[in-house]
Ligand SMILES: NC(=O)c1ccc[n+]([C@@H]2O[C@H](COP(=O)([O-])OP(=O)(O)OC[C@H]3O[C@@H](n4cnc5c(N)ncnc54)[C@H](OP(=O)(O)O)[C@@H]3O)[C@@H](O)[C@H]2O)c1
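Residue numbers (the working numbering): 331 to 695.
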């Protein structure tokens, strides 16, 4: 792949040319029906929120041990963002990946926020983050600048997948004005990323969002490859993605990376559901029922939750986060066990998951 061999200098130079061409109309006329869309070759990856001090600080040595354990357990897909710990997550991934061969792993990061020195708000998800504040920039120039910054923090010469981050109504910084930012991205970030892909600088792009509408809107105005859909496809909550997002993606040959497959830890047993600090009514009771059925069938809640997210053909990867070596080791092990088909059947009979939700196939031999 051209991206792997490109030097960092040529990557940036060509990216600069891409920006000039990005003044072109938003929708590339490359037919999304005929083109082969990139899918990550690794179904199981590691998400970078906890590595970026999400919810609580993760000491440096612990972050390094977590990454080492991920690698030792065969993880070769790593997802991060400038946003996670305000640069901290990218620096930690980069520090670890520095000792690995670039062609041996896949990395996705995000664009849309630029960092500059400043005192971060203490209201952020990040605890003890790097000393930066963020501004939004979904323009072609902003994307180029963001990728340049990420290359430096990661210490790599190329990025495989770029997600346009949090361009979504649930992002409180944008709120109802998210559509104004979307229009900027449709004329700026999206064509710029399509151009970078066509030039072989990146393998794929899409949105990294926690709601469905922005992804559906993107399919109408641009030619993405892959979406990182977080909080929308889990054992607890999946019908909207299953019935609206996945069919639309299938029609365009676009795949989904599932973010927050454990609902930010809820399905690993934490009393925390996603990122907004609110526990949906009845969810603890529903979790207890699923957990009891899992034990009855000789499995466990977390294992069921992780495997559930990779069952749909639309899903190309799931990327649970982990804060410790033990967590990532357990999660990798969860992907290797066989869950009895009777468990999934009982979840459906009990109305605990959607009747039309794909469930993991038993091995053929
Ligand atoms: N808009 C976006 O693009 C977007 C949004 C959200 C997520 N994402 C991506 O998706 C990734 C996954 O989401 P996430 O990390 O927020 O949530 P998650 O994968 O649903 O849950 C991860 C958390 O669950 C807990 N956990 C994981 N494995 C465990 C185990 N074996 N035993 C006990 N607890 C365990 C840990 O909580 P503690 O750390 O508290 O121990 C961990 O940080 C992110 O890291 C990020 O890469 C992207």
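Every residue, glycine too, gets a C-beta built ideally from N, C-alpha and C.
Counting only the Cα atoms, residue 518 lies some 34 Å from residue 652.
Annotated three-state conformation of residue 689 is coil, per DSSP. For residue 649, the closest alpha carbon among the candidates 406, 549, 531, 621 is that of 406.
Around the beta carbon of residue 609, fewer than 16 other beta carbons sit within 10 angstroms, so the residue counts as exposed. Judged by beta-carbon spacing, residue 486 lies within the 9 Å limit of residue 432, meaning their Cβ atoms are closer than that value.
Annotation for residue 406 indicates a beta carbon at 8 Å or more from all heavy atoms of ligand 1. The straight-line gap separating the alpha-carbon atoms of residue 445 and residue 410 is approximately 15 Å. Secondary structure of residue 606 (DSSP, three-state): coil. In the DSSP secondary-structure assignment, residue 444 is bridged to 465.
Per DSSP, the beta-bridge partners of residue 437 are 408. Assignment of beta-bridge partners to residue 535 by DSSP yields 492. Residue 663 and residue 398 have their C-alpha atoms spaced approximately 15 Å apart. Boundaries of the alpha helix (DSSP H) harbouring residue 514: 508–517, taken from the DSSP string. The beta carbon of residue 678 sits closer than 6 Å to the beta carbons of 685 from its chain, once the five residues preceding and following it are set aside; these are given in chain order.
In this structure, residue 395 has its CB at a distance of at least 8 Å from all heavy atoms of ligand 1.
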